[in-house]
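Just so we're aligned: the sequence shown equals residues 112 to 428 in my numbering. C-beta: ideal position from N, C-alpha, C; glycine also. First up is the structure itself, then whatever we jot down about it.
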Amino acid sequence: MRPARLVAACVVVASSASTTGAQAPIVVTGQVMRVTAAGPAPVPGASVTLHRIGVSSAAPLDSTIADGSGHYRFRVAAPDTNAMYLPTTRHGGLAYFAAPIRVGDPVGEGIIEVFDTTSTDVPIRITGRHVVVSAPDADGERAIVEVYEVSNDTVLTRLGTRDRPAFVARLPRGATKVRATQGDFTGDAVVTVPGGVGVVAPVAPGIRQLALSYALPPSAFPLDITLTDSSAVVEVLLEEPGGRATGDGLEALGAVTSEGRSFVRFLGRDLPLGNRIQVQVPAAVGGSVARWGWLAVLALAALGAIGWSMRRHPAAA
């Protein structure tokens, strides 16, 4: 089954720019397709809205009804070269959208893929896991950022609730200051559950990322991590040069540096379910200032190195 794809809507320049320098009108076209196990099928009569996303504001610009073959068309008479235009549609109570487009973007397929929804246990796989451990702060606490790459390989969008989250990430004992402020699931999309956090937002087919930050006291180390799924990539970044991560299939790759901060990197590939990793750090002496946002950015940037690509996301009703 193929994962969800992010496809730009088609942009056609309707006429040449005038001598006064005004931007020529553009036409945005595309097609709404429902992805099924038997293949994609047009969605006739789908309601499609074109949003304008500017530097300081965003709002619906126009709406239309797709024809019998799912095709839609918008004409923007006075496009803003500093804004993006986003075609969206709703299916099964969720919003789906194409890639944001700008004036002058190359012509694309113009397909918005939508999916049926389910609250049953559609499997959500962990395909990658990244753990970043900072040096201790003045109190001996270490800031931790974990980034999960999770994949829905079906053609159904998995719904989650507080009682039955779509995905659960386990947290180490003693974790405090738990937050989900980066990645694809933030705010109310992530809730606390016994032993960890759960994703209650819809998880559409394709790959998403859950980024968590939390604090651990000195007593949490050595930190034992047991993989709850087989993972194509497992990465551990330790800010302290004396830190070590050990486990079957884990390889030390030396130091990496970003924005003046150095980390020791450990990497494992195709590690099985149940594989154990132990993170050892020097005795906490304090003095470091944990910069949560910076650590999260570093962890998310690590995904680019292994070829993670953005997918289209559904939004809850």
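task: Assess, as a yes-or-no matter, whether the region 237 to 250 is touched by the region 163 to 182 under the definition of 3 or more beta carbon pairs within less than 8 Å.
output: no
task: Could you check if Arg240 is buried or exposed, using at least 16 other CB atoms within 10 Å of its CB as the buried criterion?
output: buried
task: Put Pro329 into one of helix, strand or coil per three-state DSSP.
output: helix
message: My assumption, with CB atoms under 8 Å, is that Pro313 sits in contact with Thr228. Please give the rounded CB distance.
response: 7 Å
message: With DSSP as the reference, identify every bridge partner of Gln293, one or two as the case may be.
response: Ala322
Alpha-carbon to alpha-carbon, Gly221 and Ala149: 21 Å
message: Alpha carbons only, please: which of Pro276, Ile212, Arg380 is nearest the one belonging to Val187?
response: Ile212
message: Given a cut-off of 9 Å on the beta-carbon distance, is the pair Val242 and Val279 in contact?
response: no
message: What does the Cβ neighbour count give for Thr316, buried or exposed, with the cut at 16 atoms within 10 Å?
response: This sequence places Pro at residue 316; Thr is not what is there. Label assigned to Pro316: buried.
Euclidean distance between Cα positions of Gly215 and Val347: 41 Å
- request: Tell me whether Ala254 sits in a helix, a strand or coil according to DSSP, three-state version.
  value: strand
task: Identify whether Gly67 lies in helix, strand or coil by the three-state DSSP scheme.
output: There is no way to answer for residue 67, as the model of the chain reaches only from 112 to 428.
- request: Measure the beta-carbon distance from Glu311 to Gly353 and round it to whole angstroms, keeping in mind my assumption that it falls under 8 Å.
  value: Before going further, note that residue 311 is Val rather than Glu in the sequence given. With 8 Å as the limit, Val311 and Gly353 do not qualify as a contact, their Cβ atoms being about 39 Å apart.
message: Let's test the definition: count the other Cβ atoms within 10 Å of the Cβ of Ile223 and tell me whether it reaches 16, buried, or not, exposed.
response: buried
message: Checking 9 Å against the spacing of the C-beta atoms, do Thr268 and Tyr325 come in under that value?
response: no
query: With 16 other CB atoms within 10 Å as the buried threshold, where does Ala209 fall?
result: buried
- request: Pick helix, strand or coil for Asp191, following the three-state DSSP scheme.
  value: coil
Separation of Val154 from Ala291, as counted between CA atoms: 35 Å
message: According to DSSP, is Asp264 part of a helix, a strand, or is it coil?
response: coil
- request: Quick one: residues in its chain with C-beta nearer than 6 Å to the C-beta of Val367, no 5 flanking neighbours on either side, listed in chain order?
  value: Phe374, Arg376
task: State yes or no: is the C-beta of Gln134 within less than 9 Å of the C-beta of Pro171?
output: no
query: Where in the region 140 to 182 do unbroken runs of the beta strand (DSSP E), each at least 3 residues long, occur, reported from the N-terminal end onward?
result: 150 to 153, 158 to 164, 169 to 176
message: Would Leu361 and Leu334 be called neighbours here (beta carbons separated by less than 9 Å)?
response: no
query: Since Gly239 sits in a beta bridge, which residues does DSSP pair it with?
result: Glu260, Val344
task: Return the chain-ordered list of same chain residues with a C-beta closer than 7 Å to the C-beta of Thr200, the five sequence neighbours on each side being excluded.
output: Val143, Ala157, Ser158, Val159, Tyr207, Ile223, Val225
- prompt: From Val345 to Met195, what distance separates their C-alpha atoms?
  reply: 35 Å
- request: Have a look at Ala331 and Val139 and give me their C-alpha separation to the nearest angstrom.
  value: 54 Å
task: Put Asp232 into one of helix, strand or coil per three-state DSSP.
output: coil
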